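Enquirer: Numbering of the sequence shown is given in the working numbering, commencing with residue 162 and proceeding in unit increments.
Just so you know, even glycine gets a beta-carbon here, dropped at the ideal spot from N, CA and C.
Model, not experiment: these values are computed from the prediction.
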Amino acid sequence: AFVGVMNQGKGALKLLNMIRESKGEMDSLNVVMAGEEVYIQDPEYTASVRNLASELKNVEYYGEVTNGLKKEIYKKSKILVYPYVQPWFEPFNLTAVESMMMGTPVLMMNNGSAKELIGDNVNMNLFRPACDYDEFMHRLYEILPKLTKDKSYSRTVHDNAMRFDIKHMIDRYEKYFNE
Numbered sequence: 162a163f164v165g166v167m168n169q170g171k172g173a174l175k176l177l178n179m180i181r182e183s184k185g186e187m188d189s190l191n192v193v194m195a196g197e198e199v200y201i202q203d204p205e206y207t208a209s210v211r212n213l214a215s216e217l218k219n220v221e222y223y224g225e226v227t228n229g230l231k232k233e234i235y236k237k238s239k240i241l242v243y244p245y246v247q248p249w250f251e252p253f254n255l256t257a258v259e260s261m262m263m264g265t266p267v268l269m270m271n272n273g274s275a276k277e278l279i280g281d282n283v284n285m286n287l288f289r290p291a292c293d294y295d296e297f298m299h300r301l302y303e304i305l306p307k308l309t310k311d312k313s314y315s316r317t318v319h320d321n322a323m324r325f326d327i328k329h330m331i332d333r334y335e336k337y338f339n340e
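(1) Mind pulling the beta strand (DSSP E) runs of 3 or more residues that sit fully within the segment 197-238?
(2) Verify whether the separation of the beta carbon atoms of proline 252 and serine 238 is less than 8 Å.
(3) The beta strand (DSSP E) with alanine 195 in it runs from where to where?
(4) Hey, would you say tyrosine 222 sits closer than 8 Å to glycine 172, going by beta carbons?
(5) With a threshold of 16 other CB atoms inside 10 Å of the CB of isoleucine 331, please say whether the residue is buried or exposed.
(6) Identify every residue that forms a DSSP beta bridge with tyrosine 243.
(7) Which of the three DSSP states is assigned to phenylalanine 163 in this structure?
(8) What's the gap between the Cα of asparagine 284 and the Cα of arginine 181?
(9) Should phenylalanine 163 go down as buried or exposed, given a rule of 16 or more other Cβ atoms within 10 Å for buried?
(10) Please say whether valine 210 and methionine 167 have beta carbons closer to each other than 8 Å?
(11) Taking its Cβ as the centre, do 16 or more other Cβ atoms sit within 10 Å of threonine 227, making it buried, or is it exposed?
(12) Looking only at its chain, what residues have a beta carbon closer than 7 Å to the beta carbon of alanine 214, apart from the 5 residues adjacent to it on each side?
(13) Using the C-alpha atoms, what's the distance from alanine 257 back to asparagine 339?
(14) Report yes if the CB atom of methionine 269 is closer than 8 Å to the CB atom of leucine 287, and no otherwise.
(15) For the candidate residues Ile234, Asn191, Gly170 and Met187, whose alpha-carbon lies nearest to that of threonine 207?
(16) Only counting the same chain, and skipping five residues up and downstream in sequence, which positions put a Cβ closer than 6 Å to that of glycine 224?
(17) Determine the extent of the alpha helix (DSSP H) in which phenylalanine 338 is found, giving its start and end residues.
(18) Looking at the structure shown, is asparagine 284 part of a helix, part of a strand, or coil, going by DSSP?
(19) Do tyrosine 243 and threonine 265 come within 8 Å of each other at the CB atom, strictly closer than that value?
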């Protein structure tokens, strides 16, 4: 799944192009895409995403969704993917944390806050900036079998994300500012 703001940096179009160029390699994957369109900075980009998604038989494009539907997408997805486009720098990816709180792992480029968000326990879910299609696919297919064989992996992902739970964050801020 891809859930995020529809802008060039997040890589929605890059993901769709990877699917199109996979020559059937990704046909077995059902890809759901949902994203915020309220603050569209580039309407042509979003139109390109919508158009290409409609051409691909294994892609469902929802556009903007409610929080309830977003939660369902996280729960039903095997993995959330962010194939960022360089030089995008992600300061904090809230949808990645939301996904992980539902137990759904995230595959994302290792830049910005990615390493902190993903954490050391699930470090294989990072790929290097400016990676090519082959590296991205290698990472994806390295993770997918683990998700079906190892049910504790989902729990590890969830527990890792709980570092960003609001109560935990408030406690950490209070401790920091009271020192």
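Expert: On the basis of the coordinates in this document:
(1) 220-224
(2) no
(3) 192-195
(4) no
(5) exposed
(6) Met269
(7) strand
(8) Below a pLDDT of 50, predicted positions are generally treated as unreliable, and asparagine 284, at 49, falls in that range; no measurement from the model is reported.
(9) buried
(10) yes
(11) exposed
(12) Leu177, Met194, Val220 and Tyr222
(13) 30 Å
(14) yes
(15) Gly170
(16) Glu198
(17) 327-339
(18) Its pLDDT being 49, under 50, asparagine 284 is placed unreliably in this model, and the value from its coordinates should be taken loosely. Three-state result, asparagine 284: helix.
(19) no
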